[in-house]
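Reading the sequence shown from the start, the letters are residues 1 to 472 in full-length UniProt numbering.
Note that CB positions come from ideal geometry on N, CA and C, so glycine has one too.
Input: a single structure, listed below in structure tokens.
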Amino acid sequence: MRRALGLLRSLETLLLRVNIANEGLKQVLKEHEDVGSRIDNHMKLRNTMKECLKTIKLLPPNFPVPNFANTYAIREFCLQNASLLFCTTSSSVKLHTEGMKPLHFLVIDEAAQLKECESTIPLKLSGLHHAILVGDERQLPAMVNSKISEKAGFGRSLFERLVKLGYKKHLLNIQYRMHPSISLFPNREFYGNQILDAPNVKEISHKRCFLKGNIYGSYSFINIIHGKEKFGELQSLKNMVEVAVIADIVANLFEEFIGSKKKVSIGIISPYKAQVLAIQEKIVKYSSNSDGDFSVSVRSIDGFQGGEEDVIIFSTVRNNNKGSVGFLSSCQRANVALTRARHSLWILGNESTLSKSGSIWRKLVSDAKERGCFYNANEDKRLAQSIIAALLELNKLDTLLQMDSDLFRMARWKVFFSDNFRRSMAKLEDVEIRKEVISLLAKLSNGWRQSGKKKRMKSQDGFFSIVRAIWG
């Protein structure tokens with residue numbers, strides 16, 4: 001039956017080639033000098049017709065439909081008669097059944113993420129003549145929870161083993177996703193500049209401006225100076241200052257979307273589960289949009305492998321004096337995180353910590369500076385306000401109450417803080433009152449003076465002494 005259908009399709013194609021309207025026959029013959037090709041088409045048509053008729057005569061007058069008693073029988077019928085089968089590696093064990101028609105060709109996708117022992121399930125199918133493994137050993141391998149098993153190489157894939165043994169591999173060397181400014185660093189560091197940018201990503205239309213300002217270009221490293229890493233849920237790290245900055249960027253993107261109505265998808269990636277949860281909680285109102293034109297997805301690096309979005313915001317989290325970055329130093333993790341964006345990639349991190357790490361992130365920070373893609377978050381007025389608000393909520397007054405802090409370094413008047421003032425501020429438990437006092441200090445330092453009646457303020461222990469100190 002399949003043979004007959006194929007011949008009928010060939011017959012249709014040949015008929016379209018040789019079929020000419022009677023009225024224009026002379027004109028067509030006059031304009032086309034290649035008579036041989038026309039004769040060849042007619043010969044092919046005649047031979048195909050003969051073969052088609054011969055095959056059709058062999059077909060039975062009717063095709064009985066099988067009467068299945070249960071779902072299992074239907075599945076068995078499909079497996080025995082299908083020419084293409086799609087399944088996971090684990091479910092391919094169901095193909096190891098008695099009487100199963102031999103399969104000749106096997107393709108394993110994401111083979112570099114597959115444990116070597118798992119790949120043996122489909123590879124042991126009877127009748128296989130060829131097997132193709134598709135994957136990238138420079139990205140994340142299979143996840144192994146046991147540290148002992150991981151050290152023993154249990155998570156290694158057959159793909160990785162064959163590469164290390166020197167087997168020849170074919171590199172798909174054209175990328176169709178990232179703007180060239182995004183692909184530049186990972187291409188150089190992870191693929192030895194072997195990857196080419198496809199024509200579509202070089203077009204002007206692929207460079208999109210989602211927010212105003214150079215800090216929000218196609219590729220940016222945004223330095224978060226005052227962030228602080230701490231342990232959150234599940235003994236995982238989080239950085240609430242980076243969370244606040246991300247929430248503000250997402251809010252800014254949503255405001256632009258409301259004005260332009262241009263569809264945008266945003267991916268937020270972090271290596272730490274606690275950071276993912278903190279970001280999800282902070283931006284929950286933006287996570288789902290009724291018409292789907294504004295979408296935000298927050299996931300770990302492992303969860304984002306294989307995914308892509310218009311804008312990717314990557315939160316590195318780490319901020320310490322030692323330059324310790326933990327498993328963030330993994331080149332495979334860095335590769336996945338840096339290659340998910342289509343149009344814009346904005347990396348949030350602490351320059352000092354990442355530069356001291358001696359890892360791939362030191363190179364990234366240096367590269368961003370050389371390319372003019374390095375920015376300080378506190379130099380953007382809107383982000384600076386978000387950082388200040390986050391520090392207030394975290395009660396990081398020691399950071400804010402400095403003459404050269406983000407709040408006062410550009411003020412008209414220099415502000416000095418006594419120890420008594422700092423102690424009084426530390427007693428304030430209400431975040432809103434702290435914000436009000438800091439706001440008043442900021443206005444005073446920039447020349448503001450109250451006119452008319454004195455403003456009545458809320459009372460809390462120690463607060464009036466602070467106000468008196470301000471008004472002197």
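Between residue i and residue j, what straight-line distance do the alpha-carbon atoms span, to the nearest angstrom?
i      : j      : result
Ile249 : Leu383 : 8 Å
Gly447 : Ser439 : 13 Å
Phe314 : Met178 : 15 Å
Ala142 : Leu85  : 24 Å
Leu59  : Gly127 : 29 Å
Glu132 : Trp346 : Correcting the residue type first, residue 132 is Ile in the shown sequence and not Glu. Approximately 36 Å, taken between the alpha carbons.
Thr48  : Gly153 : 57 Å
Pro122 : Gly166 : 23 Å
Glu351 : Cys331 : 18 Å
Ser92  : Ser236 : 36 Å
Glu117 : Gly155 : Just to set this straight, residue 117 is Cys in the shown sequence, not Glu. Each residue's alpha carbon lies about 9 Å from the other.
Asp302 : Asp197 : 25 Å
Asn319 : Gly227 : 6 Å
Ala390 : His343 : 29 Å
Ala337 : Val107 : 26 Å
Lys282 : Lys101 : 54 Å
Ser265 : Cys78  : 39 Å
Ala247 : Ala377 : 13 Å
Asn321 : Ala442 : 29 Å
Ile312 : Lys238 : 18 Å
Lys164 : Lys115 : 15 Å
Ala244 : Lys169 : 44 Å
Gln80  : Phe327 : 47 Å
Arg422 : Glu229 : 24 Å
Asn223 : Ser418 : 30 Å
Gln385 : Lys363 : 30 Å
Per DSSP, residue i is paired with what?
i      : result
Arg299 : Ile269
Ala131 : Leu106
Phe294 : Val264
Trp346 : Ser220, Ile313
Gln175 : Asp197
Tyr375 : Ile222
Ala341 : Glu309
Leu237 : Phe231
What is the DSSP secondary structure of residue i, reduced to helix, strand or coil?
i      : result
Lys57  : helix
Gln139 : coil
Asp419 : helix
Ser357 : coil
Val431 : helix
Trp448 : coil
Leu84  : coil
Asp197 : strand
Phe231 : strand
Ile283 : coil
Phe408 : coil
Tyr167 : coil
Ala152 : coil
Ala442 : helix
Asn67  : coil
Asn214 : helix
Leu114 : coil
Asn335 : helix
Lys396 : coil
Gln402 : coil
Thr48  : helix
His42  : helix
Lys94  : helix
Leu125 : coil
Val365 : helix
In chain order, what residues of the same chain lie with their CB nearer than 7 Å to the CB of residue i, ignoring the 5 residues before and after it?
i      : result
Arg9   : none
Ala426 : Leu397
Looking only at its own chain, which residues have a Cβ that is under 8 Å from the Cβ of residue i, when we skip the five neighbours before and after it?
i           : result
Glu233      : Lys273, Ala274, Leu277
Glu160      : Ala112, Glu137, Pro141
Phe254      : Tyr286, Phe294
residue 474 : Residue 474 lies beyond the residue range present for the chain, which begins at 1 and ends at 472; the question has no answer from this structure.
Ser366      : Ser355
Leu392      : Leu400, Val431, Arg434, Lys435, Ile438
Asn200      : Tyr176, His206
Ser146      : Phe154
Using a Cβ-Cβ cutoff of less than 6 Å, which residues in the same chain neighbour residue i once the five nearest sequence positions on both sides are dropped?
i      : result
Ser300 : Val276
Ser324 : none
Cys87  : none
Phe68  : Ile74
Ser119 : Leu158
Phe105 : His130
Thr339 : Pro186
Handout entry: Given 8 Å, three or more beta-carbon pairs between the segment 365–374 and the segment 218–227
Key = yes
Exercise for the section: For the segment 253–270 and the segment 208–216, state whether three or more C-beta atom pairs, one from each stretch, are separated by less than 8 Å. Expected result: yes
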